[in-house]
Amino acid sequence: MGGYLARRVLYMVFTLWLVTLLVFLLTHLLPGNVAVMILGQYQNVEQLRALEAKLGLNDPLPVQYWRWLRGILHGDLGTSIVMDRPVAPILWERIERSAPVAIAALLVTAIVGIVLGTVAAVHENRPVDHAVSVVSFLGISVPEFFWGIVLILVVAGYFELLPSSGYVPPTTDPLGWLARLVLPVTTLALTLVAHTSRLTRSSMLDVLRSQYVRAARARGLPERSVVYRHALRNGLLPTVTVLAGNFGWLMGGLVVVETVFAFPGLGGLLVFAIQQRDIPLVEAAIVVIAGLYAVANLAADVAYTYLDPRIRYSGAR
Amino acid sequence: MGSGTRSILDWRGAPADSPMADHPVLAVERLTVTYAAEGGRVRAVDDVSFAIQRGEVLGLVGESGSGKSTVAAAVIGLLAANARVESGRVLIEGENLGALSAEAFRRLRGNRLTMVFQDPLSSLTPSIRVGEQIAEVLRVHRGLRPDAAERRTIELLASVEVPDPALRARAYPHQLSGGMQQRVLIAMALACDPDVLIMDEPTTALDVTTEATILDLVADLKRRVRAGILYITHDMGVVARLCDRVAVLYAGQLLEEGTAEEIFHRPRHPYTKGLLASIPRLDRAYTGKRLPSIPGSIPSPGALPPGCVFGPRCPFAAGGCAERVQPRREPLWVRCERAQSLTEVGWPDAVPEAADAGMKGAAPGGDPLVRVKGLSKEFQQGGGWEGWRLDRGGVLGLRLHQAHRIVRAVDGVSLDLRHGETLALVGESGCGKTTLGRMIVRLIDPTAGSVVFDGTDLAVLRGRALRRRRREFQIVFQNPDSSLNPRRRVGETLARPLIVFGLAERARLGPAIGALLRMVQLPEEYAERYPHELSGGEKQRVAIARALATRPRVAVLDEPVTALDVSVRASVLNLLVALQAEIGLPYLLIAHDLAVVRQVADRVAVMYRGRLCEVGPADVVFAPPFHPYTRALLSAIPIPEPAAARRAERIRLTEMGSPATTGHGCPFSGRCPVRIGPICDEVTPRVHVLDRGHTIVCHHELATLGGDTR
Amino acid sequence: MSRGRPALIVGGAIVVAIVLIALLAPWLVRYPPTEFHVKDRLAPPSADYWFGTDEFGRDVYSRVMIGTRLSILIGFVAMAVCMGVGTPLGLLAGYVGGRTDEVLMRGLDILMSFPSIIFGMLILTLTSPGPLKTAVAVGIVYAPTIARIARSVTLSIKEEDYVAAARSRGESHLYILFGEILPNTWAPLTVEASLRVTFAILAAAALSFLGLGAQPPDTDWGLMIAEARKFMTVAPWIALFPGAAMCLTVVGLNLLGDGLRDALDPRLARRARG
């Protein structure tokens, strides 16, 4: 198992390296000269040249790449052009704000999605199953930004229960902070819960129809034991993998949701950076996001390996 | 004698000498099970009745579609959602299972009524250790405390002859061999000392030698255990070995029932007669290699013939057979009107084709057509990403390197194939016979060695030269379901080889396809059908026609009848034999069923773990002196005859021992019952050459290898 | 939701209806979609304006109708790109195996390590925004998923004996790939494709919502919803109707996909019984 883990980590690092390469190449294809953007309209050729030299823009691409990569490995993610500050603290601040949203969304998804899916599978074709099916069907059919808008309309606008936008740090106003998290988390979770519950349902159904579950029933084991002890562990395997994939979707969802709710988090930063052509910020943000996604995938692989003894103890006879 | 219409199971009023007079532990009365299909409900089980006493083994024999598994599911109460019991009852010690609540039934299952399934790996929960799965049953049904359950688990594992039970109990299912897994299932089924034990084809998924050990175990259990055992199988040899009484199922109906002695020696129903006659047996010789066969194929449950279900295939069918057939209460229970009048009549023998007479004179042989020399195939396990390992040592304290394991699937095999002969390549799973067959037709590229055919070494050909020669050697695959492209009609499948090798112009394709279909005894209209509209036997015939379409000069048959129903095997084998007689086509027949091989092969090669143990003419290989492995194989085969089956001594092999071979030494030494010593592990055995090209590869002297199995 | 036949019919009907609307849109509008009716600004649904008007007094109903064209177009282009790029790559990787397979899969892994919307955003900012580019970007983002599926289906079909039989006849790789393997991949791929199309449409809508898709004065539903945000409290209908239209489309496609899956799978399974 140790060998497998080591290989996976190596592979992840390799992939991430390729990602940095890709990001670098892509962003440097962006039209527009960075120095021009910094100096604005009021520039003359000498100032331009001087800045270009200072920023090292005349060096060949590989050198620029290496400089940037080295910086990343040392924690220096570059300097934002637009804000004229180091990128790393900016990113970190935004991550701190978005992380609770993302984590809460994932937790809610995992718990609610798995429970709903399992319940639906166990009570196949009965009213509970149909209800869950309808709800999850709607969940996957409606775009998350639409949910967000509707929620704003209903909860914030009509019932005036919760604020619809903005952010306050938890240290100054814990309740206000929490209140402003509810809607974004719910919006994200709605779609994810729908997907997760559908997947869990279908994989649990497969498992419940499998030969070993049938054999367990043939041994007269109580149904509860059959479902929770014998079926669940294997039925959840695909869900574990998908949860990692959900993390990726979540990043994209964050962008949309933060736009809808005017939440100043990582997603919003990315939109801003791309629109402003702030290359260092864009590069750093995407690399960080890709890194987080890769770690999530690794965690899912590890969890999968742990859950399925066939992989854990492969070939040991 | 007796009233024909009364229920057979009215045993409370049965005459004193009726076998049903005792109180049976399991009684199935007029069970009918249907399931939902397109266009209405279909009967899977139709008016089936039988009873089992304590300590007795009833064999329920049937092929696919017979309903035998449905009967088992109905008894244990685990029918699929779309199936239901239409009528009839199941009684355990007189208690009607249908009247029990779901909860009461659940308490019965695994406790007084248990079941062992066919595929042990898929019947065990993969994520729970096997010992724990057994202990769970004990805790649930017997209320044992965890430590007591654990102790009892180890006792149970020991009683089914699992070596090192305490250690094995901590294993996960996938870590055990097939035979071991099945023992675990059996232990689980016996844990609560059941009244009724159902075994649904428990050895079908196992190798012959492993199967023999499990059968021994069951025979032994029979004596020790109080349960009545319902043993479901399609293998008459197994039935002969284990069963006291036999019930024969066909297309959902019970056609005949009786003691093993009666069924095997005085079968009443034409189907039983046909089944017994068409099974190849080691101790019989057939003229012209022809087996008596049952024509036609098994009807599908939704399309049963009117009247007697076996009627369309029965050589004794008369006018009345197309009406409803009643069971007769004679001394023997049989569902056939004409049984009485057919008492002395056996199943008709196979009629040798006219072409045979011509071929009789020209014995197969002569110079070898194909010479295989030193053919080997190595596979690397763990290449690419998977092979990297992290170890200590090296420059930075950690070292990354690639570790491969080389598996020699085929290791230096040499064979000859002569004109018009059938060379059988036998061995159990994993011995490399399929790999060898595929190398000869260049589906797999050999790692080393040569295959010389007509002066050219096929092993080194490439490109256009290879493609041109391909039409001369073709292969028939084992699995008829995967042999044919499901999206292509039969005619298109057959046309393809003709087109590729330019054997017929577009205009003449139709007649050519028709000729091919006729050659394999299928109607010409089949050209328009899709594979899913054909039965297994018919699909296999199409596969044979496709292989022969190019007029090959060598044909490799990879277990051609293994995947077919027993009653269909004989006719497909006969077809292959007839075709060989007609065209003089040599076959390399890959098989694991020695009885089939005895039937059809001229020469036999026995393989174990990639190497040949023994090669020679069939009659010589099946007679002493034997290679130890050949001897073990022969002794493991269940004979379809009760007295002989129970009397036979079996050579017991230990379960699969050490892993991949090292390249020298005897591959069989790890399991050989007559292993001499380290010489067998390290030194490649010598080759004894006897008459008529018979070779045995073993360190022993010939004298030691003589001796009788039966 | 396996409801078989009804799902297929209802889903199919919805999809057909929406495609028809897209085709016939110019004849279905009541007012030119870009025409301002300033004195009727922000009017609720009425007999004159079935879906109400927006902040410029444009008829929401007409805009929704016209918006169908772009939205459907984007969806179909996305699906075409997704399948057109993903399927051959997956087939190739599965069939050839070995190094090619590994390289292709690693490449796809890299692509998949970008969350889809973010990658789309990146591409659309490198080039300029636009509906067709949105579709292509989304298609590229989902191509790896399709490629994986195509690859795994190919791998399992490759093991079938009829493919081995073709090889034993010395058939060319092209024939085996297109003549034997491809025809058997349609069924599972179609099922997956129908699922992915909906993801693609939703992703494209999100990009439009972020302003990277259709640009004014063009109309598509995502853009309409984005523009309507400010007026949610006073005139929710401006966002609700395009939103409902989008939901209906996706629901129809999902039903169709589910129905297809039930129609194709059991048939294949039942046929296998000899």
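Quick note, the sequences are listed as chains E, F and A, same order.
Heads up: the first sequence begins at 0 in numbering that gives the first Met the number 0, then just goes up one per residue.
Heads up: the second sequence begins at 0 in numbering that gives the first Met the number 0, then just goes up one per residue.
Heads up: the third sequence begins at 0 in numbering that gives the first Met the number 0, then just goes up one per residue.
Beta carbons: idealized from backbone N, C-alpha and C, even for Gly.
These figures come from a predicted structure and were not determined experimentally.
Residue closest to residue i, alpha-carbon to alpha-carbon, out of the options
{"i": "residue 25(E)", "options": "53(A), 120(A), 105(A)", "result": "120(A)"}
{"i": "residue 513(F)", "options": "505(F), 506(F), 522(F)", "result": "522(F)"}
{"i": "residue 216(F)", "options": "459(F), 156(F), 36(F)", "result": "156(F)"}
{"i": "residue 530(F)", "options": "571(F), 524(F), 486(F)", "result": "486(F)"}
{"i": "residue 282(E)", "options": "145(E), 102(E), 195(E), 80(E)", "result": "80(E)"}
{"i": "residue 214(F)", "options": "202(F), 225(F), 579(F), 132(F)", "result": "202(F)"}
{"i": "residue 315(F)", "options": "620(F), 305(F), 293(F), 424(F)", "result": "293(F)"}
{"i": "residue 206(F)", "options": "179(F), 186(F), 220(F), 227(F)", "result": "179(F)"}
In DSSP terms, what residue i is bridged to
{"i": "residue 375(F)", "result": "447(F)"}
{"i": "residue 95(F)", "result": "90(F)"}
{"i": "residue 160(F)", "result": "Paired residue(s): none; residue 160(F) is not in a bridge."}
{"i": "residue 367(F)", "result": "417(F)"}
{"i": "residue 615(F)", "result": "603(F)"}
{"i": "residue 687(F)", "result": "695(F)"}
{"i": "residue 82(F)", "result": "34(F)"}
Per-residue burial, residue i [other beta carbons within 10 Å of its own, 16 or more giving buried]
{"i": "residue 221(E)", "result": "exposed"}
{"i": "residue 162(F)", "result": "exposed"}
{"i": "residue 1(F)", "result": "Model confidence at residue 1(F) stands at a pLDDT of 36, short of 50, so the residue's coordinates are unreliable; what they give is reported in the following sentence. Result: exposed."}
{"i": "residue 86(E)", "result": "buried"}
{"i": "residue 211(E)", "result": "buried"}
{"i": "residue 115(A)", "result": "buried"}
{"i": "residue 229(A)", "result": "exposed"}
{"i": "residue 15(A)", "result": "exposed"}
{"i": "residue 25(A)", "result": "exposed"}
Chain F contact for residue i (CB, 8 angstroms cutoff)
{"i": "residue 221(E)", "result": "yes"}
{"i": "residue 214(E)", "result": "yes"}
{"i": "residue 161(A)", "result": "yes"}
{"i": "residue 120(E)", "result": "no"}
{"i": "residue 218(E)", "result": "yes"}
{"i": "residue 183(A)", "result": "yes"}
{"i": "residue 164(A)", "result": "yes"}
Three-state class that DSSP yields for residue i in the structure shown
{"i": "residue 487(F)", "result": "coil"}
{"i": "residue 10(F)", "result": "Low local confidence applies: a pLDDT of 30 at residue 10(F) is under 50, so the model's placement there is unreliable, and no value is given."}
{"i": "residue 651(F)", "result": "coil"}
{"i": "residue 14(E)", "result": "helix"}
{"i": "residue 82(E)", "result": "coil"}
{"i": "residue 3(F)", "result": "With a pLDDT of 36 at residue 3(F), under the threshold of 50, the modelled position of this residue cannot be trusted; read the value that follows with caution. Residue 3(F) falls in the coil class under three-state DSSP."}
{"i": "residue 212(F)", "result": "helix"}
{"i": "residue 410(F)", "result": "strand"}
{"i": "residue 171(F)", "result": "coil"}
Proximity test, Cβ basis, 8 angstroms: residue i and chain E
{"i": "residue 27(A)", "result": "no"}
{"i": "residue 230(F)", "result": "no"}
{"i": "residue 227(F)", "result": "no"}
{"i": "residue 145(F)", "result": "no"}
Interface partners of residue i on chain D, CB under 8 angstroms
{"i": "residue 499(F)", "result": "No chain D appears in this structure, whose protein chains are E, F and A."}
Residue i at chain A interface by Cβ criterion, 8 angstroms
{"i": "residue 140(E)", "result": "yes"}
{"i": "residue 175(E)", "result": "no"}
{"i": "residue 521(F)", "result": "no"}
{"i": "residue 465(F)", "result": "yes"}
{"i": "residue 442(F)", "result": "yes"}
{"i": "residue 80(E)", "result": "no"}
{"i": "residue 184(E)", "result": "no"}
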